[in-house]
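In full-length UniProt numbering, the protein residues as written are 1 to 398. Glycine residues also receive a C-beta, built at the ideal position from the N, C-alpha and C atoms. Here the structure is a predicted model, which means the values were calculated and not measured.
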Amino acid sequence: MIDVDAGGVVEFTQALVRIPSTNDPARGRSERPAAELVEARMREWGWEPVVYEAAPGRPNVVAVVEGGGGPGPTLMFEGHTDVVTEGDLSTWTVDPFGGEIRDGRLWGRGSADMKSGLAATLYATRALQLAGPFPGRIKVCALADEEGLMLGAHHFVSQGLTADVDGAIVAEPEAGEICAVAKGALRLRVDLTGRMAHGAMPQHGRNPIQAAGTLLVALRSLQEELQARHPAHEHLGEVYVTPTVLRAGSEEQVNVIPAVASLFVDVRTIPGVEHQDLADRVAALAAADGITADGISAQVSVLVDRPPVEVPVTDPVVAALAAAHRTVTGEEPVYGGVPGSTDGTVLTHWGGIPSVVYGPGGKWIAHQADEYVEVEEIVRCTRVFAEAARRFLSGELR
């Protein structure tokens, strides 16, 4: 088994967690300090990282580590440097950016999602490099904005940086599961426009809120229809059509019928559900007579389109990871699915490379107060990543 720097990867995770790398310009926060720490560690090891500005002040850091063992494939390790807000501090029992280790756990925002995974990819690559020559190369990537619009991953793809990649391991927290499938996300905005009027004289207006109510009922029926047509996926569950925001009127003027009501819908899909068809279906529902007959107009906009991912478990990057998990842990791999979307969605759908998600941390702990990761799991995943890289690059998939 490849020897890894167990103390180093844990300490580096702590250092990353202590950086509040939320995207919050109002508080002077961004991913940049975390990206700079990653870049500095890479340079300490003699790597030559390249920094790309995915957006102003939001860098991607990419290093290519040649194996020195002759021709071979290219493996990509991917992690993101941004974290979600810590939220209400009163809900935390630890400092969210303290990186404290207590009871065998490393605590703090981003400890699981996903600074421990990012650290593990760096230290796994370094371990394999120190172990001796290997064929091919590893592209180690710390990308920006996974928690937002995935600007970092989209920029990575747009720069052609996936062209030479044969497989990617995304180090998101999955509690030891190997996730080669991920749910899709389609986010829609529906603007319903009527006519403003006095609440005492509704006959002179066109109320878009009532139209929104009709549409909400129709969306519930659409979800039931989709679930009947597409049975629950083994790892991803059901299709969901979830209204999440309804915005109209003003509480300061409850005697006014507003001119516009906006409805936001978060659709989560499974393989087999076509996003364009689904968006067209919602547009048709919004334009139906029951909504527009009273002089209401409807406009549907696609805000986010991330199709579901389904990579065969026989793909070399998945097979190598499964074999590594078996070797390091002595246990048979458990296959699962990503309940949301990750940068892997962008890498696979737009970048054209197979991706698999696996990393330290509980599957449901992300974005919660008192986020933590088991220290032992950080080290174990680092060992699995190093062994997975060795197997993928050498073609030893069993």
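Shortest Cα-Cα distance from T345 to any of P59, G69, V9, E78 involves E78. Restricting attention to Q223, T13, V318, the CA atom closest to the CA of L285 is found in Q223. Residue nearest to Y358 within the set H233, G295, N23, A168 is A168 (criterion: CA-CA distance).
Taking each of L216, T22, A248 in turn and checking the Cα distance to V241, the smallest one comes out for L216.
When secondary structure is reduced to three states using DSSP, D289 falls in the helix class. About 14 Å separates the beta carbon of H230 from that of G337, a gap too long to meet the 8 Å contact definition. Inclusion of A124 and T314 in the CB contact set at 7 Å is not warranted, their separation being larger than that value.
Counting every other CB atom within 10 Å of its CB across the protein chains shown gives P96 a total of 16 or more, marking it as buried. Approximately 6 Å separates the beta-carbon atoms of A153 and L347; this is inside 8 Å, confirming the contact. For E44, there is no enclosing beta strand (DSSP E); the enclosing alpha helix (DSSP H) has its first and last residue at 32-44.
With a minimum length of 3 residues, the unbroken runs of beta strand (DSSP E) contained wholly in the region 212-299 fall at 240-248, 260-269.
Distance check between F392 and each of R137, D289, E252, T22 places R137 closest, using alpha-carbon atoms only.
In the three-state reduction of the DSSP assignment, G104 falls in the coil class. Counting only residues of its own chain and dropping the five nearest sequence neighbours on each side, V375 has a CB closer than 7 Å to the CB of V10, I101, G104, R105, L106.
Closest in alpha carbon position to S30, among E146, E66, S116, is E146. In the same chain as S355, and ignoring 5 residues on each side of it, the C-beta atoms closer than 6 Å to its own belong to A168, V170, G344, L347, T348, in chain order.
For S116, the enclosing alpha helix (DSSP H) has its first and last residue at 116-131. With 16 or more other Cβ atoms from the protein chains shown falling within 10 Å of its own Cβ, V318 counts as buried.
Under a 10 Å Cβ-count criterion, V239 is classified as buried, with 16 or more other Cβ atoms of the shown protein chains found around its own Cβ. Where L397 is concerned, there is no enclosing alpha helix (DSSP H), because DSSP gives it neither an H nor an E.
G336: member of the beta strand (DSSP E) spanning 334-338, first to last residue. When C-beta atoms of the region 316-333 are compared with those of the region 268-283, fewer than three pairs fall below 8 Å, so the two segments do not count as touching. Ranking A144, R306, E252 by CA distance to the CA of Y52 puts A144 first. In this structure I2 is in contact with R390, their Cβ atoms being roughly 7 Å apart against a cut-off of 8 Å. For the set M201, P243, I257, the Cα lying nearest the Cα of Q210 is the one of I257.
G152: member of the alpha helix (DSSP H) spanning 151-158, first to last residue. When secondary structure is reduced to three states using DSSP, R137 falls in the strand class. Under DSSP, L192 forms a beta bridge with A261, A298.
If only complete runs of 3 or more residues are kept, the region 50-114 shows the beta strand (DSSP E) at 50-55, 58-66, 74-80, 105-107, in order along the chain. A distance below 7 Å between beta-carbons, with the five flanking residues on each side excluded, links A323 to the following residues of its chain, in chain order: R391, L397, R398.
Within the same chain, G184, V239, P308 come within 6 Å of T269 by CB-CB distance, once the 5 residues on both sides are set aside.
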